[in-house]
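J.:
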Amino acid sequence: MLTNGTYEDLNELDELAVLVINDMKKSLIPQWELDYPRYKNFFGDVETKSLYLYKDNGKIVGSCTVLRENDPPYKTIDSWIKNKSLVIHRMLVHPDYQNKGIAKVFINNAIKLCKQGNYESIKTDTHLKNYKMRNFLKKNGFIELDYLETIDRLAYELVMED
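Using the numbering used here, the first residue of the sequence shown is number 581, and each one after it goes up by one.
#1: Can you give the beta carbon distance from E737 to I661, rounded, assuming they're within the 8 Å contact cut?
#2: Compute the distance between the beta-carbons of I657 and D705, then report whether it is under 8 Å.
#3: Beta-carbon separation of Y634 and V685 under 8 Å?
#4: Quick one: Cα of N701 to Cα of N715, how far?
#5: Please report how far the alpha carbon of Q611 lies from the alpha carbon of D603, in whole angstroms.
#6: Using CA atoms only, rank isn't needed, just tell me which of P675, A690, V626 is closest to K606.
#7: Pick helix, strand or coil for E649, following the three-state DSSP scheme.
#8: So is G585 buried or exposed if we call it buried at 16+ other beta carbons inside 10 Å?
#9: Considering K664, what are the terminal residues of the beta strand (DSSP E) in which it resides?
#10: Return yes when the Cβ of L647 is within less than 8 Å of the Cβ of V667, no when it is not.
#11: Using the Cβ count rule (16 or more neighbours within 10 Å means buried), how would you classify L708?
#12: Between the alpha carbons of D651 and E729, how many angstroms are there, rounded?
#13: Please classify L614 as buried or exposed, where buried requires at least 16 other C-beta atoms within 10 Å of its C-beta.
#14: What is the rounded straight-line gap between the Cα of V673 and the Cα of L599?
#15: Do E575 and I640 have their C-beta atoms closer together than 8 Å?
#16: Could you tell me if Y654 is buried or exposed, where buried requires 16 or more neighbouring beta carbons within 10 angstroms of its beta carbon?
#17: Can you tell me which of I731, A683, I723 puts its alpha carbon nearest to the alpha carbon of M581?
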């Protein structure tokens, strides 16, 4: 079930983040370190009401942040298709719950928010070696655009249909 993240969720979410980070490291994906994403990042997401959680029987098994502004590194490339965009960050899913449609729920939620707010697109990024996420994004209509050198990531954008 999709819910908004609250301050009460932060400790459990922080534990999930460590689990996911370690799982990524085992898979040789150097996208995140043990200091990111963590409690302080999720705390800020709760403050801005941009944190969404997926819970299974009350247990947090996934999270996704949907921001209403572009990150400074996103301003370093000119290949973006649209300007008025939402940005997805910190999408993580418990390893035991991957490939069960949870990430798709997060994408659908971002699309809904995009349409409600009259945004033109959804932007995100991922590490070059995160092939699962790269394939997921492409399968869900995101276009691979450019390399974000300052953060060592690939940029992706999903343009909303009129």
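Even glycine gets a Cβ: it sits at the ideal position worked out from N, Cα and C. Keep in mind it's a predicted model, so treat the numbers as computed, not measured.
T.: Taking the structure as given:
#1: 5 Å between Cβ atoms; contact.
#2: Taking 8 Å as the Cβ cut-off, I657 and D705 do not qualify as a contacting pair.
#3: Closer than 8 Å, so yes.
#4: As written in the sequence, residue 701 is Ser, which differs from the Asn given in the question. Rounded to the nearest angstrom, the two C-alpha atoms are 19 Å apart.
#5: The alpha-carbon atoms of Q611 and D603 are separated by roughly 11 Å.
#6: The residue with the shortest Cα to Cα distance from K606 is P675.
#7: Coil.
#8: By the neighbour-count criterion, in which 16 or more other beta carbons inside 10 Å mark a residue as buried, G585 falls on the buried side.
#9: Run containing K664: none; DSSP gives neither H nor E here.
#10: The Cβ-Cβ distance between V667 and L647 falls below 8 Å.
#11: Around the beta carbon of L708, a 10 Å sphere encloses fewer than 16 other beta carbons of the protein chains shown; the residue is thus reported as exposed.
#12: When only Cα atoms are considered, D651 and E729 end up about 13 Å apart.
#13: It counts as exposed.
#14: Roughly 10 Å between the two C-alpha positions.
#15: A query on residue 575 cannot be resolved here, the shown segment of the chain reaching from 581 to 742 and no further.
#16: Buried, because 16 or more other Cβ atoms sit within 10 Å of the Cβ of Y654.
#17: Nearest option by C-alpha distance: A683.
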